[in-house]
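Note sheet for the following structure.
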Amino acid sequence: MNRSDTLTNSADGASPDVPDCLRAALANGRPGPSRVTRAVRAGLGADPGHRSVMPPIHLSSNFYFESPGVYAKYDYTRSGNPTRDLAAEAIAELEGGCGAVVTSSGMSAIAVVTRLLSAGDLLLAPHDCYGGSHRLFSAEAERGSYKVRFLDQTAAGAKAHARALRPRMIWIETPSNPLLRITDIAAWTRLAREIGAVCVVDNTFLSPVNQRPLDFGADLVVHSTTKFMNGHSDVIGGAVIAADEELFEDVAWWTNAMGVAGAPFDSYLTLRGIRTLHARVRAHEGNAQRVVDLLTRSDVVSRVNHPSLAGHPGHDVAGRQQLGWGSLISFELRGGREAVEAFVDGLEHFALAESLGGVESLVAHPATMTHASMDQHAQIVAGIREGLLRLSVGIESADDLVADLERALARVEEVVCQAA
Ligand SMILES: Cc1ncc(COP(=O)(O)O)c(C=O)c1O
Numbered sequence: 000m001n002r003s004d005t006l007t008n009s010a011d012g013a014s015p016d017v018p019d020c021l022r023a024a025l026a027n028g029r030p031g032p033s034r035v036t037r038a039v040r041a042g043l044g045a046d047p048g049h050r051s052v053m054p055p056i057h058l059s060s061n062f063y064f065e066s067p068g069v070y071a072k073y074d075y076t077r078s079g080n081p082t083r084d085l086a087a088e089a090i091a092e093l094e095g096g097c098g099a100v101v102t103s104s105g106m107s108a109i110a111v112v113t114r115l116l117s118a119g120d121l122l123l124a125p126h127d128c129y130g131g132s133h134r135l136f137s138a139e140a141e142r143g144s145y146k147v148r149f150l151d152q153t154a155a156g157a158k159a160h161a162r163a164l165r166p167r168m169i170w171i172e173t174p175s176n177p178l179l180r181i182t183d184i185a186a187w188t189r190l191a192r193e194i195g196a197v198c199v200v201d202n203t204f205l206s207p208v209n210q211r212p213l214d215f216g217a218d219l220v221v222h223s224t225t226k227f228m229n230g231h232s233d234v235i236g237g238a239v240i241a242a243d244e245e246l247f248e249d250v251a252w253w254t255n256a257m258g259v260a261g262a263p264f265d266s267y268l269t270l271r272g273i274r275t276l277h278a279r280v281r282a283h284e285g286n287a288q289r290v291v292d293l294l295t296r297s298d299v300v301s302r303v304n305h306p307s308l309a310g311h312p313g314h315d316v317a318g319r320q321q322l323g324w325g326s327l328i329s330f331e332l333r334g335g336r337e338a339v340e341a342f343v344d345g346l347e348h349f350a351l352a353e354s355l356g357g358v359e360s361l362v363a364h365p366a367t368m369t370h371a372s373m374d375q376h377a378q379i380v381a382g383i384r385e386g387l388l389r390l391s392v393g394i395e396s397a398d399d400l401v402a403d404l405e406r407a408l409a410r411v412e413e414v415v416c417q418a419a
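Just so we're aligned, residue 0 is where the sequence shown starts under numbering that gives the first Met the number 0, counting upward by one.
Laid out in structure tokens, this is it:
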């Protein structure tokens, strides 16, 4: 895994993912600041009026016109807002995009992107994508906004099948939610290019610290910034990052037309979260590795899904395209629903709650929580069973988390022994 966070000068002066603001520095022969530095310092010095170090929050819904018909940069916050723009610029830089929009939720980011489809266009999506995406795609297809096909993008023959279907848009979610299947982004973007499809990657699970889909040829990246980007479970938000100007203008137009841009206060909190993104993600990951070790040693766990494991079918692809293994883990308990209840009841430091990527550890039961909007058939096809649990490993003390899980697993052992 190449974890280099520093941009260095390439032979032609700048690598393709270098944002304009850094091109000047690179042209001067200096290496650009690392992504870590840029994330920590995003928007600093953006207040020439009062010279505040941290940028102010612009909550105002409207802005003075100089005179009738003379437009300044901002007129109305739905269309543009300085605080939201700072968050968007930081996100675009982190993903290596040419521009980003910040939206009111991950789902509104996804809705904006699917506005690029017309009636009759086919959207090809993973069969185990986030339940809310599955619900939106299915409902829009039912009312004729576009067509949708769900398929296992990791299955043998999936690409040949996709090529024959001629989709207009290919949706990728890798690692997938909740089974952490890994999809080869470069291979699918190559196919998308070949057949003239737009390739979109939902990068919520890893954040740009651990995966940068635009580097592998994706056209658009979406985020639920509710998760790692904000990182403190106190904002619902989303973002769309575009690889080129034309796509950026399209998504920006729809974001304004649909009225789904993110609120300034939420944008401020998200920008604040982004400053600690790299540090948080590495802390999450260290803890997750301890949890993976524990789960793989337990007799009551029949299967652990995490790309760090050599036996994970996506291990090699993840090693190529990810910059870290991530801190979402799913696993299956022996003993079905009864075991799940005993396990969850026995936990002290993992809250039974939806969402992921916050500083606090969470446990979710996908069949009845995050993926309850999928009907039972769709759940079975996607591999979501009664005994499956998902952990979002937080940044608490690893020792506390491991001890907590050990106690909960001991309770499951009792249930499994009694049933035997
Ligand atoms: C992978 C993924 N994409 C999108 C979303 C939707 O984001 P939001 O809840 O911010 O609308 C979620 C929410 O859990 C998610 O897990």
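In this text, a Cβ means the ideal position worked out from N, Cα and C, and glycines have one as well. Predicted model only: the values in this text are computed from it and were never measured.
Using a Cβ-Cβ cutoff of less than 8 Å, which residues in the same chain neighbour residue i once the five nearest sequence positions on both sides are dropped?
| i | result |
| --- | --- |
| L43 | V52, M53, P54 |
| L85 | A41, G42, A45, P54, S266, L270 |
| V401 | R289, V290, L293 |
| A418 | G334, E337 |
| M139 | Checking the displayed sequence, the identity of residue 139 turns out to be Glu instead of Met. Cβ neighbours of E139 beyond the five flanking positions: T113, Y145, V147. |
| M257 | S107, A110, V111, R114 |
| A251 | G98, V100 |
For residue i, which residues in the same chain have their Cβ closer than 7 Å to its Cβ, ignoring the five residues on either side in sequence?
| i | result |
| --- | --- |
| S232 | S354, G357, E359 |
| A282 | I394 |
| A196 | P166, R167, M168, I169 |
| G95 | D16, R211, L213, D214 |
| N209 | V280, Q321, L322, G323, G325 |
| T5 | Confidence is the limiting factor: at T5 the pLDDT is only 47, short of 50, which leaves the residue's position unreliable and the question unanswerable from this model. |
| D243 | C97 |
| C20 | For C20, the pLDDT reaches just 38, beneath the cut-off of 50, and the residue's location in the model is therefore unreliable, although a value from the coordinates is still provided. There are no such residues. |
| S206 | F227, M228, L276, V280 |
| L246 | D218, L219 |
List the residues that DSSP assigns as beta-bridge partners of residue i.
| i | result |
| --- | --- |
| I171 | V200 |
| A363 | R389 |
| N61 | Y75 |
| V423 | With the chain represented from 0 up to 419, any question about residue 423 goes unanswered, as that position is not in the structure. |
Given the structure, does residue i come close to ligand 1, in the sense that its CB is under 6 Å from one of the ligand's heavy atoms?
| i | result |
| --- | --- |
| I90 | no |
| I235 | yes |
| G131 | yes |
| G105 | yes |
| T203 | yes |
| T36 | no |
| T225 | yes |
| N176 | yes |
Give every residue of the same chain whose Cβ lies closer than 6 Å to the Cβ of residue i, excluding the five residues on either side of it in the sequence, and list them in chain order.
| i | result |
| --- | --- |
| W253 | V111, R114 |
| L265 | In the sequence on display, residue 265 carries Asp and not Leu. The answer, listed in chain order, is V234, G236. |
| A24 | Confidence in A24 is poor, its pLDDT being 44 and thus under 50, which makes the residue's placement unreliable; the coordinate value appears in the next sentence. Only G31 meet the Cβ criterion. |
| A91 | G98, A99, I240 |
| M106 | G131 |
| A10 | Because the pLDDT at A10 is just 31, under 50, the model does not fix this residue reliably, and the value given afterwards should be weighed accordingly. Cβ within range, chain order: n/a, list empty. |
| H190 | The identity of residue 190 in the sequence shown is Leu, whereas the question assumes His. K158, listed in sequence order. |
| E413 | none |
| I383 | P365, A366, H370 |
Taking C-alpha atoms, which residue in the options lies nearest to residue i?
| i | options | result |
| --- | --- | --- |
| V411 | A309, D298, A251 | D298 |
| I273 | A140, T224, N286 | T224 |
| T153 | A419, A381, S391 | A381 |
| A185 | A217, F227, I90 | A217 |
| S104 | N229, T36, E92, G143 | N229 |
| H364 | H348, L387, S144 | L387 |
| A352 | L361, D344, G345, L346 | L361 |
| R162 | T188, H348, V300 | T188 |
| A38 | A157, A278, Y129 | A278 |
| S329 | K72, R319, S307 | S307 |
| A366 | G345, A350, R389 | R389 |
| A118 | L268, G143, F64 | G143 |
| I56 | R83, Y70, T36 | R83 |
| A377 | V316, S175, F149 | F149 |
| D120 | H126, D315, L164 | L164 |
| A371 | V415, E248, D403, N176 | N176 |
| F349 | D399, G318, H311, V69 | D399 |
| A262 | Y70, F64, S78, S66 | S78 |
Between residue i and chain B, is any beta-carbon pair separated by less than 7 Å?
| i | result |
| --- | --- |
| F64 | No chain B appears in this structure, which consists of one protein chain only. |
What are the complete beta strand (DSSP E) segments, minimum 3 residues, inside the stretch 284-359?
300-304, 327-332
In the stretch 81-156, which residue ranges form an unbroken alpha helix (DSSP H) of at least 4 residues, counting only runs that do not cross its ends?
81-94, 105-113, 130-141
Ignoring anything shorter than 4 residues or poking outside the stretch 214-259, list the alpha helix (DSSP H) runs there in chain order.
244-257
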